[in-house]
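What follows is a single structure, written as C-alpha cells, with notes after it.
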Amino acid sequence: MDLSGNTVLITGGSSGIGLEIAKQFLKRDNKVIITGRNEQKLQKAKEQLEGLTVIQNDVSNPDDIEKLYQRVLKDFPDLNILINNAGIMFKINLQNHNHSALELTKELDVNVKGPIWMNNAFLSLLKEKTNAAIVNVSSGLAFVPLPISPVYCSTKAALHSYTLSLREQLRNTSLKVFELAPPATKTELLGDFSEEDMKGTSIMSIEDMVATFLKGLSKDEYEIRPGQSNQLKFMSRFFPNFILKQLSKNVDIMHTE
4 MDLSGNTVLI
14 TGGSSGIGLE
24 IAKQFLKRDN
34 KVIITGRNEQ
44 KLQKAKEQLE
54 GLTVIQNDVS
64 NPDDIEKLYQ
74 RVLKDFPDLN
84 ILINNAGIMF
94 KINLQNHNHS
104 ALELTKELDV
114 NVKGPIWMNN
124 AFLSLLKEKT
134 NAAIVNVSSG
144 LAFVPLPISP
154 VYCSTKAALH
164 SYTLSLREQL
174 RNTSLKVFEL
184 APPATKTELL
194 GDFSEEDMKG
204 TSIMSIEDMV
214 ATFLKGLSKD
224 EYEIRPGQSN
234 QLKFMSRFFP
244 NFILKQLSKN
254 VDIMHTE
C-alpha cells in the first residue's frame, strides 16, 4: 500500500491507537476522517491535528452507519482506506449475575457488528478504487483469550475469523484486506484493568505499535502482529494449554474482589 495520497476513514479515532494512526497518516499527506461517539473528544482531536475531519458516529448503530456512508459519499467520494478501529473492552466476572443482557453483549455490538456493518456499507465504494484497503483492528487476544475479559476476547477471535473470510472473498478484486492485531498497548482501553491484572504483560507504546502497523501496511503484510501479539499466535499454535494457563492467573484474584 502507498501510505500517501489516500483518503482514510478511521472509526474510534478520537483517542489511543486511532488518533495516533490519524496523526501519522496526516503527516504523510493524506486526507483523514475520524469518527467516535464522544463529541468533546472529537473536537479535542481536531484541535490537536490540523486538517483532520471529525464526524460523530456510533458504529453499533446501523442508522448512524448509513448516515456516515451518505456523508462520506457526498464529501469524500475518493475514500480508499477504511480502518475499523472502534472497540471497547471490559473485565467481566461471569460468576456475578449482576450484568444485564445488554451489558454482557455490548462488546459484540461495537467490536464485531460494527466492523461487519461498516464494511457492508462501504464495500461498493471501496471496490471502485484501484488502491484500496480495509483494515480490521483485532487483538493479540484473538489468538488466545485473557479469561478476565471473556467477551472482548471472543469478539476479537470472531473478527479475526471474519477477516480471513472477507480477504478470501475479495481476493479477485483490487481491495486489500488487512488485520492489525495489537498487543497490550498503553491506551485508555486498559483503564478498567489494574497493575495486577496486567502483570507479566509487556505493554507497547502507541507510537511503536502504530509504526509497526504502517511498516506492515506499506509492505502488504495482511496480518500485522506487533510486539507480543506475534508471540501469542505462536504460543496458541504450539503450546495452547501453557499460554492459556499463563493468562488465567488473575481469575482467582477477580473472584476475591
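Just so you know, we're using the numbering used here here: the sequence shown kicks off at 4 and counts up by one.
Every residue, glycine too, gets a C-beta built ideally from N, C-alpha and C.
- Every alpha helix (DSSP H) stretch that sits fully inside the region 116 to 185 and reaches 4 residues is listed by chain position as 117 to 130 and 153 to 172.
- Annotation for R170: V180 place their beta carbon closer than 6 Å to its own, counting only its chain and skipping 5 residues before and after.
- By the CB criterion at 8 Å, A184 and I227 fall inside the cutoff.
- Between R74 and I58, the C-beta gap is smaller than 8 Å, which places the two residues in contact.
- Per DSSP, reduced to three states, the secondary structure at I36 is strand.
- The C-beta distance from V147 to L235 rounds to 5 Å, short enough to meet the 8 Å contact threshold.
- Per DSSP, the unbroken beta strand (DSSP E) holding V57 starts and ends at T56 to Q59.
- With distances taken between CA atoms, K130 lies nearest to L173 out of H163, L173, H100 and D78.
- Nearest neighbour of A124 by Cα position, chosen from K70, A214 and S18, turns out to be K70.
- Straight-line spacing of the CA atoms in L97 and D78 works out to 45 Å.
- Residues V147, P148, L149 and P150 of the same chain have their beta carbon placed closer than 8 Å to that of L250, with the five preceding and five following residues left out of the count.
- In the DSSP assignment, L6 falls outside any alpha helix (DSSP H) and carries neither an H nor an E.
- When DSSP reads this structure, M207 sits in a beta bridge with T188.
- Counting other Cβ atoms within 10 Å of its Cβ, F241 stays below 16 and is therefore classed as exposed.
- A104 counts as exposed, since fewer than 16 other C-beta atoms from the protein chains shown sit within 10 angstroms of its C-beta.
- Residue state for V62 is assigned as coil, using DSSP reduced to three classes.
- Judged by DSSP secondary structure, N244 falls within the alpha helix (DSSP H) whose first and last residues are P243 to L250.
- Here K34 is buried. Its C-beta has 16 or more other C-beta atoms within 10 Å.
- Sequence-distant partners of S17 (beyond 5 residues in either direction) whose C-beta falls short of 7 Å from its own C-beta, in its chain, are I37, G39, N41, K44, L45 and A48.
- In the structure shown, L85 falls within a strand segment according to DSSP collapsed to helix, strand and coil.
- Measuring C-alpha to C-alpha distances from G117 to each of L126, S63, A161 and M4 identifies S63 as the nearest.
- In this structure, L217 sits away from Q51, with a CB-CB distance that is not shorter than 8 Å.
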